[in-house]
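Okay, so here's the structure we're looking at.
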Amino acid sequence: MEEITKATGLPLIGDPAPAFRAVTTQGEINFPEDYKGKWVILFSHPADFTPVCTTEFMTFASMHDEFKAMNTELVGLSIDSLYAHIAWLRKIQELEWKGMKNIEVKFPVIEDIKMDVSRKYGMVQSQSSTQAVRAVFIIDPKGIVRTILFYPAAIGRNFDEIKRAVQALQKADKDGVATPADWRPGQDVIIPTPGSCGTAKERMESQDEKMYCLDWFLCFRKES
Ligand code: BEZ
Numbered sequence: 160m161e162e163i164t165k166a167t168g169l170p171l172i173g174d175p176a177p178a179f180r181a182v183t184t185q186g187e188i189n190f191p192e193d194y195k196g197k198w199v200i201l202f203s204h205p206a207d208f209t210p211v212c213t214t215e216f217m218t219f220a221s222m223h224d225e226f227k228a229m230n231t232e233l234v235g236l237s238i239d240s241l242y243a244h245i246a247w248l249r250k251i252q253e254l255e256w257k258g259m260k261n262i263e264v265k266f267p268v269i270e271d272i273k274m275d276v277s278r279k280y281g282m283v284q285s286q287s288s289t290q291a292v293r294a295v296f297i298i299d300p301k302g303i304v305r306t307i308l309f310y311p312a313a314i315g316r317n318f319d320e321i322k323r324a325v326q327a328l329q330k331a332d333k334d335g336v337a338t339p340a341d342w343r344p345g346q347d348v349i350i351p352t353p354g355s356c357g358t359a360k361e362r363m364e365s366q367d368e369k370m371y372c373l374d375w376f377l378c379f380r381k382e383s
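Here our numbering = 1-based position in the sequence shown + 159.
Printed below as a string of structure tokens:
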């Protein structure tokens, strides 16, 4: 396991986000230092001027303000030159799809022609030695990797799910809770499992209008 991690350079959940300096469409960045105190979605796409990636960029860019309101910054990357990025982002602005038009990509897109960053993050996988997979790293305000998603080139990502994951991480950190399957903001959350027979019994006996249990190990806090 250790060897695989070293070979691919893939950081794992709970690891510090690997540091790098890079040229982007918004100038140079020093990562993750420049993003201290903010959540970051660092994501890769296989290539500029490709169809699935174009729909993803239109979608992500149109959600940029929503992410900003969640103290969350977006940083894109592909193994392409800065000039290819600039030309593609200009072209995207001319396109219209699903009601999205005049989309300006204001978040930085990393030039990674030498694959320095994509290799550090395990974004180049067996599918292609010259294109990154669709990777998503959600990194917290302390620079720790908190969620990792990988999709193959042919499948566009679900950006609502990426937003939901950030919302769930922020809720978990703020309230010390976990979130059940398909959780959405405003829905009931799971409280930590009791760690002893005594607290398990107490938990079952202390159910009230704010907390209910399906069993001693599965208790919810009501959110409304
Ligand atoms: C696409 O974005 O459409 C794409 C990129 C690389 C390989 C296949 C599809």
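In this text, a Cβ means the ideal position worked out from N, Cα and C, and glycines have one as well.
{"Item": "Assigned exposure category for residue 256 - 16 Cβ within 10 Å defines buried", "Value": "exposed"}
{"Item": "Entirely enclosed beta strand (DSSP E) segments - the segment 235–287, minimum 3 residues", "Value": "268–270"}
{"Item": "CB of residue 205 within 8 Å of CB of residue 324, strictly", "Value": "no"}
{"Item": "Same chain, Cβ closer than 6 Å to residue 385, neighbours up to 5 away in sequence not counted", "Value": "It is not possible to answer for residue 385, since the shown part of the chain is limited to 160 through 383."}
{"Item": "Pairwise C-alpha distance: residue 363 and residue 302", "Value": "38 Å"}
{"Item": "Length of the line joining the Cα atoms of residue 350 and residue 344", "Value": "15 Å"}
{"Item": "C-beta contact flag for residue 329 and residue 229 at 8 Å", "Value": "yes"}
{"Item": "Status (buried if at least 16 other CB within 10 Å, exposed otherwise) for residue 194", "Value": "buried"}
{"Item": "Exposed unless 16 or more other CB atoms sit within 10 angstroms - verdict on residue 399", "Value": "Any question about residue 399 goes unanswered here, given that the chain covers just 160 to 383."}
{"Item": "The segment 269–278 / the segment 246–253 touching (three or more Cβ pairs under 8 Å)", "Value": "no"}
{"Item": "DSSP bridge partner residues for residue 198 (one or two, in chain order)", "Value": "231"}
{"Item": "Distance between beta carbons of residue 251 and residue 269, contact taken as under 8 Å", "Value": "Between residue 251 and residue 269 the Cβ distance is about 17 Å, and since that is not below 8 Å, they are no contact."}
{"Item": "Where residue 171 falls, given that 16 or more other Cβ within 10 Å makes a residue buried", "Value": "exposed"}
{"Item": "Bounding residues of the alpha helix (DSSP H) (the contiguous stretch that carries residue 186)", "Value": "Segment 186–190 is the beta strand (DSSP E) holding residue 186; no alpha helix (DSSP H) there."}
{"Item": "Assigned secondary structure, residue 218 (DSSP; H/G/I helix, E/B strand, else coil)", "Value": "helix"}
{"Item": "Contact under 8 Å by Cβ, residue 211 with residue 315", "Value": "yes"}
{"Item": "Extent of the continuous beta strand (DSSP E) run through residue 377", "Value": "377–380"}
{"Item": "Buried or exposed by the 16-neighbour rule on C-beta atoms within 10 Å, applied to residue 356", "Value": "exposed"}
{"Item": "Alpha-carbon spacing of residue 163 relative to residue 285, whole angstroms", "Value": "In this prediction, residue 163 scores a pLDDT of 40, lower than 50, which makes its location untrustworthy; the coordinate-derived value is nonetheless stated afterwards. Cα-Cα distance, rounded: 13 Å."}
{"Item": "Contact set, ligand 1 heavy atom to C-beta under 5 Å", "Value": "205, 209, 210, 211, 212 and 312"}
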